[in-house]
Amino acid sequence: MSWTVKLAASAAVALASVALAQEAPDDTAPVATPFNSTTGLRLPSNPELFGTTLPTEVRATAIVNGTVITQTDIDQRLALLAIANGGKIPADQMQTLRQQVLRNLIDETLQIQAAKGEDIKVSAADIDKTVARVAGNVKQTPEQMADYLKGNGSSIRSIRRQIEGEIAWQRLQRAKVENGVSVGDDEVKAVIDKMNASKGTEEYRVGEIYLAATPGNEAQVAENAAKILAALKQGGSFVGYARQYSEASTSAVGGDLGWVRPEQLPAPIAAAVRTLKPGSVSDPIPVPGGVSIIALQDTRKILTADARNAVLSLKQVSMSFPKGITREQAEPTVQKFAAAVANIGGCGGADKLAADFKGEVVQSDGVKLRDLPAALQEMMLPMQVGQATRPFGSIDEGVRTLVICGRDEVDPTAPTFDQVYSQLNEARVNLRARRYLRDLRRDAVIDFR
1016 MSWTVKLAAS AAVALASVAL AQEAPDDTAP VATPFNSTTG LRLPSNPELF GTTLPTEVRA
1076 TAIVNGTVIT QTDIDQRLAL LAIANGGKIP ADQMQTLRQQ VLRNLIDETL QIQAAKGEDI
1136 KVSAADIDKT VARVAGNVKQ TPEQMADYLK GNGSSIRSIR RQIEGEIAWQ RLQRAKVENG
1196 VSVGDDEVKA VIDKMNASKG TEEYRVGEIY LAATPGNEAQ VAENAAKILA ALKQGGSFVG
1256 YARQYSEAST SAVGGDLGWV RPEQLPAPIA AAVRTLKPGS VSDPIPVPGG VSIIALQDTR
1316 KILTADARNA VLSLKQVSMS FPKGITREQA EPTVQKFAAA VANIGGCGGA DKLAADFKGE
1376 VVQSDGVKLR DLPAALQEMM LPMQVGQATR PFGSIDEGVR TLVICGRDEV DPTAPTFDQV
1436 YSQLNEARVN LRARRYLRDL RRDAVIDFR
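With my numbering applied, the sequence shown corresponds to residues 1016 to 1464, in that order.
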């Protein structure tokens, strides 16, 4: 029974009840005091109302197999996207992104429903753990993050639903998709042999935003891809847009494909990757089943020594300034800090430096030089143990320096059998997951409002 029919049936029952109640009374029956069903509640005759007024109408935007997606769901998810990208969404992109968010919410709903249909449960405790981790990444408690989201037009409910969808889909893939994927030993060996033969050739760290398309909606998908590309070129977060809009299974990790070689990629994407520079994004690329936007994050040469592969042990010394202080007012202190950094006297001097400037020290081991921001990579490539970077940061967020306490150079080796197996397996799971989601869409009953 459709939602509309259910509403009509409920209305019919209500009208029938009213009709029965309005039948003519029996003239022979004694007159009784009218019964008031609220008497036991002892309600005040003139109650004072508290809280905010409820909307007069809550309209569904789509109903997916009986699950309602409201306009509020879309608005809050859009606000979450804006927060992730550090600002407001441009007005000329709002309508396109709103439609894309609706499609994502529909897919998310289908994934949650499919998981429940396979008796795969995502508990509140599972979601709580991820919420706590997300809040911790931005140095907030879950309660503080909930207040922040509410103050910026979103809600903790929206992010919890997104987390539920991601966990449900991952578990569903393990149960229904991964078990049907096999990778042969000969295939793995062939890849390793090819890598050894390719020593010295380049490898790429690639991110992908994939939008599925059919012959009937290719133009609309191309338009959406163009809008997303425009937002990325204006400074939008590739990871944020990949998490929100990509229809590949890698959306949960911000579209990250990891380190790949061109021969591991579909031909159109491989050709595009070879033309990109680190930090750049491709134009939309037609691929089988849809369109991809590719971000090239980094490059390296296969099985070749690279100083950026070094693993560092660091101490970060940071100092902050009172709110409202101007750059001119802070400059003398910054200069003194810079002079002290230049004479820090090795990693052991970090604590004294922090004490002198009422700052703090954070130690971090196992930091890959390659993972640091590009400007810091270039600065730290020639640095030795005991040296500190020039101060960096901002007056608002604090000025800091990194002191190298240890540096281990990594000798490049071919990936292990297990690593190659895992990558091949993931690629096949990704392909089958796309097909599985396509089938869920095809079989769904979706009522757009």
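Heads up, the beta-carbon is just placed ideally off N, CA and C, and yes, glycines get one too.
Here the structure is a predicted model, which means the values were calculated and not measured.
Whole-number beta carbon distance between residue j and residue i, since they are thought to touch under 8 angstroms
{"i": "Ala1403", "j": "Val1418", "result": "4 angstroms"}
{"i": "Glu1218", "j": "Thr1290", "result": "About 16 angstroms separates the two Cβ atoms, so there is no contact after all."}
{"i": "Lys1316", "j": "Thr1216", "result": "7 angstroms"}
{"i": "Val1236", "j": "Val1306", "result": "6 angstroms"}
{"i": "Ala1227", "j": "Arg1449", "result": "7 angstroms"}
{"i": "Asp1088", "j": "Leu1452", "result": "Contact flag wrong, Cβ pair sits at about 19 angstroms."}
{"i": "Asn1440", "j": "Val1192", "result": "11 angstroms between Cβ atoms; not a contact."}
{"i": "Asp1298", "j": "Leu1244", "result": "7 angstroms"}
{"i": "Ile1300", "j": "Pro1283", "result": "5 angstroms"}
{"i": "Val1435", "j": "Val1203", "result": "5 angstroms"}
Strand pairing of residue i, partner residues [DSSP]
{"i": "Phe1463", "result": "Ala1077"}
{"i": "Asp1271", "result": "Gly1222"}
{"i": "Met1334", "result": "Val1414"}
{"i": "Phe1352", "result": "Answer is none; Phe1352 lacks a bridge partner."}
{"i": "Phe1407", "result": "Arg1415"}
{"i": "Ser1307", "result": "Tyr1225 and Ile1300"}
{"i": "Gln1378", "result": "Lys1330"}
{"i": "Glu1217", "result": "Lys1316"}
{"i": "Lys1383", "result": "Val1326"}
{"i": "Arg1422", "result": "Leu1327"}
{"i": "Ser1295", "result": "Leu1311"}
Residue i to residue j span [Cα, whole Å]
{"i": "Pro1430", "j": "Pro1281", "result": "21 angstroms"}
{"i": "Asp1458", "j": "Asp1321", "result": "50 angstroms"}
{"i": "Gly1374", "j": "Ile1207", "result": "49 angstroms"}
{"i": "Asp1462", "j": "Val1079", "result": "7 angstroms"}
{"i": "Thr1229", "j": "Ile1410", "result": "50 angstroms"}
{"i": "Ser1266", "j": "Thr1156", "result": "25 angstroms"}
{"i": "Ala1286", "j": "Glu1278", "result": "10 angstroms"}
{"i": "Ser1328", "j": "Asp1380", "result": "4 angstroms"}
{"i": "Val1444", "j": "Gly1222", "result": "17 angstroms"}
{"i": "Asn1324", "j": "Met1398", "result": "14 angstroms"}
{"i": "Asp1529", "j": "Ile1340", "result": "It is not possible to answer for residue 1529, since the shown part of the chain is limited to 1016 through 1464."}
{"i": "Arg1148", "j": "Ala1257", "result": "20 angstroms"}
{"i": "Thr1348", "j": "Asp1366", "result": "18 angstroms"}
{"i": "Lys1165", "j": "Ile1171", "result": "7 angstroms"}
{"i": "Pro1388", "j": "Val1083", "result": "43 angstroms"}
{"i": "Ile1174", "j": "Ile1135", "result": "20 angstroms"}
{"i": "Glu1238", "j": "Ala1370", "result": "55 angstroms"}
{"i": "Val1180", "j": "Leu1117", "result": "For clarity, residue 1180 is Gly in the given sequence; the question names Val instead. About 14 angstroms."}
{"i": "Gly1269", "j": "Leu1368", "result": "38 angstroms"}
{"i": "Glu1412", "j": "Ala1099", "result": "18 angstroms"}
{"i": "Gly1231", "j": "Arg1342", "result": "56 angstroms"}
{"i": "Gln1331", "j": "Leu1120", "result": "41 angstroms"}
{"i": "Gln1392", "j": "Arg1385", "result": "7 angstroms"}
{"i": "Tyr1225", "j": "Glu1262", "result": "6 angstroms"}
{"i": "Phe1336", "j": "Gln1344", "result": "10 angstroms"}
{"i": "Ala1077", "j": "Asp1162", "result": "28 angstroms"}
{"i": "Arg1464", "j": "Ala1205", "result": "52 angstroms"}
Proximity to residue i [Cα-Cα], best of the options
{"i": "Arg1186", "options": "Asp1143, Glu1233, Glu1133 and Glu1202", "result": "Glu1133"}
{"i": "Thr1319", "options": "Arg1258, Ser1297, Asn1358 and Thr1428", "result": "Thr1428"}
{"i": "Gly1421", "options": "Lys1330, Arg1464 and Val1400", "result": "Val1400"}
{"i": "Asn1167", "options": "Val1149, Gly1151 and Leu1095", "result": "Leu1095"}
{"i": "Met1210", "options": "Val1275, Ser1261 and Met1160", "result": "Val1275"}
{"i": "Lys1242", "options": "Arg1189, Arg1092 and Pro1105", "result": "Pro1105"}
{"i": "Gln1312", "options": "Leu1272, Val1326, Asp1200 and Tyr1436", "result": "Leu1272"}
{"i": "Val1356", "options": "Gln1344, Met1334, Lys1338 and Ala1345", "result": "Met1334"}
{"i": "Val1425", "options": "Val1326, Val1435, Ala1390 and Gln1126", "result": "Val1326"}
{"i": "Thr1145", "options": "Gln1091, Ile1178, Gln1350 and Gly1081", "result": "Ile1178"}
{"i": "Ser1138", "options": "Ala1183, Asn1152 and Gln1434", "result": "Ala1183"}
{"i": "Cys1362", "options": "Gln1378, Ile1127, Lys1103 and Asp1423", "result": "Gln1378"}
{"i": "Asp1143", "options": "Val1198, Glu1158 and Gln1438", "result": "Glu1158"}
{"i": "Ala1097", "options": "Thr1076, Leu1247, Arg1464 and Gln1350", "result": "Leu1247"}
{"i": "Asp1433", "options": "Thr1111, Met1160 and Val1198", "result": "Val1198"}
{"i": "Asp1423", "options": "Leu1396, Ser1437 and Arg1176", "result": "Leu1396"}
Near the ligand MN: residue i beta-carbon under 7 angstroms from a heavy atom
{"i": "Gln1155", "result": "As for the ligand MN, it is missing from this structure, which has no ligand bound."}
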